[in-house]
Amino acid sequence: MKRFFTLLILFVFYVIGARAQELSQEQQIEALNARLTELEQKNEKQNARNEKWGKIVEKLPQVGGFAKMTYKWNDAGTSNFNINYVRVWLFGDISRQFDYRVQAEFAKPKLIDAYLRWKPTEAFNIQFGQFHVPFSLEGPLNPTKWETIETAKVVDEITGLPDTRDLGVAFYGKFLKAKDDHFFFDYSVGIFQGEGKNTDDKNKSKDVIGRLKFFPIKELCLTGSYSYGERGEEYIRNQRAAAGVEYQGKAFSLRSEYLWHQQGNGDQAIKNDGCYVVAAYKIKDFTPSLRYNFYNQQVGASHLEQSDYVIGVNYSPVKFVKLQLNYTLTTYSERTMKNLNTIGFAAIAMF
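Adding 892 to a residue's 1-based position in the sequence shown gives its number in the working numbering.
Given below as structure tokens:
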């Protein structure tokens, strides 16, 4: 009997302990559920804060820029270091249809770009402010994209009359999409002051400038540009035209253009024309390049022809650094002018 009571007491304690343990597990689960609910509420609040700050950050302008430094030596007795560019730009989206860009030059302080764009469709958009005029292939290229240290003289002289950038309004877009999602046609046409960036107009006339690009395949571009305007208080007629071709493959690239310009009429008219061909081939971090430039200038009865033969190589050890080394032979049609040998080095840092 005594043994029976002992077993009974032990059984009662076991049942009570098991019941207590069961209640303790239920309480633990309830506590965990409460903690989980609290963490979910905190997470929702944090996500809401992150979304709010994300929208604010999206509206902040993005920053970019580059600096380009060069050294040039030639056998005419010139040897110079130079800081060619120190540019910083801000850009951003105001909404899905509006964006903007502001760019300044600090090497020789001046405003470069300042424009607003409205982009309602792929086929029709509007750009207003100061920006590259739609003329030529090479003229609007960023200096970090040049295959050689300098562009062709014909590009500098003709697209730089008076500047590759101007104040005005342009209409641009793309149309006729191919099966591989590239567009067959890209156009841009605008009305500009005709005096270059940061400059007031000197007459009531405005320049009309347009460019049309045709892409038979994604990598190949055929283009033509035309510009008509009047210069100064005398309303001197100024015309420019360009035609070019560009191929951009994965490793090999080729670009060539013919450019023509005439300002004024009669015996004192200024006439310029010329062409260039530049080719490059990327081999890992190295990109060898070849360039030929031809430029002809005629003022009245006198004219001068210049040819440049350029051999170069670009080296990019990291993504945002580009080093360039060029050798250039320059020849002239004027017999009194000697051939010129030039060695140039450039270092470009981008951010």
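All C-beta atoms, glycine included, are put in the ideal place defined by N, C-alpha and C.
Is the beta carbon of residue j closer than 8 Å to that of residue i?
i     : j     : result
T1115 : L1232 : no
R1057 : D1093 : no
P1026 : S1080 : yes
I1109 : G1236 : no
E997  : V978  : yes
F983  : P953  : yes
A1143 : K1174 : yes
T1220 : Y1201 : yes
L1151 : G1141 : no
F1186 : S1199 : yes
A1241 : F958  : yes
N1090 : L1003 : yes
A1193 : Q1216 : no
W1010 : Q995  : no
N1157 : G1124 : no
Q1022 : L1059 : yes
K1214 : T1036 : yes
A1135 : E1039 : no
F1107 : H1074 : yes
C1113 : E1138 : yes
V1205 : S1225 : no
N1017 : G1065 : yes
G853  : F1063 : Residue numbering for the chain in the displayed model covers 893 to 1243; residue 853 lies beyond these limits and cannot be assessed.
T1223 : T1234 : no
Q1019 : V1061 : yes
Which partner residues does residue i have in the DSSP bridge list?
i     : result
D1092 : BP columns for D1092 are empty, so no partner.
I1050 : Paired residue(s): none; I1050 is not in a bridge.
E1122 : R1129
V1100 : I1083, Y1120
M961  : I975, A1239
F1076 : The partner list for F1076 (beta bridge, DSSP) is empty, contrary to what the question assumes.
A1044 : DSSP output for A1044 lists no bridge partner at all.
N935  : The partner list for N935 (beta bridge, DSSP) is empty, contrary to what the question assumes.
K1105 : D1078, T1115
W1038 : Paired residue(s): none; W1038 is not in a bridge.
D1005 : Q995
F990  : W1010
Where does residue i sit, in a helix, a strand or coil, going by DSSP?
i     : result
A1241 : strand
K919  : For the sequence presented, residue 919 should be read as Gln rather than Lys. Correct three-state label for Q919: helix.
K926  : Looking at the sequence provided, one finds Ala at residue 926 rather than Lys. Reduced to three states, the DSSP call for A926 is helix.
D1159 : helix
Q1198 : strand
R941  : helix
K951  : helix
G956  : strand
E1138 : strand
V1210 : coil
D1165 : strand
Go to residue i, then tell me how far its beta strand (DSSP E) extends in each direction, as first and last residue.
i     : result
W1152 : 1144-1155
Q1085 : Segment: none, Q1085 is in no beta strand (DSSP E) and carries neither H nor E.
F998  : F998 -> no beta strand (DSSP E), and no H or E assigned at all.
H1024 : 1017-1024
L1033 : First-last for L1033: undefined, no H or E at that position.
W981  : 970-985
N1231 : Note, N1231: premise wrong, no beta strand (DSSP E); not H, not E.
L1217 : 1213-1224
T1179 : 1178-1191
R1057 : 1057-1069
Any heavy atom of the ligand SAH closer than 7 Å to the CB of residue i?
i     : result
V1205 : Although the ligand SAH was asked about, the structure shown includes no ligands whatsoever.
Does any residue of chain C have a CB that is nearer than 8 Å to the CB of residue i?
i     : result
L1003 : In summary, chain C is missing from the structure at hand, where a single protein chain is found.
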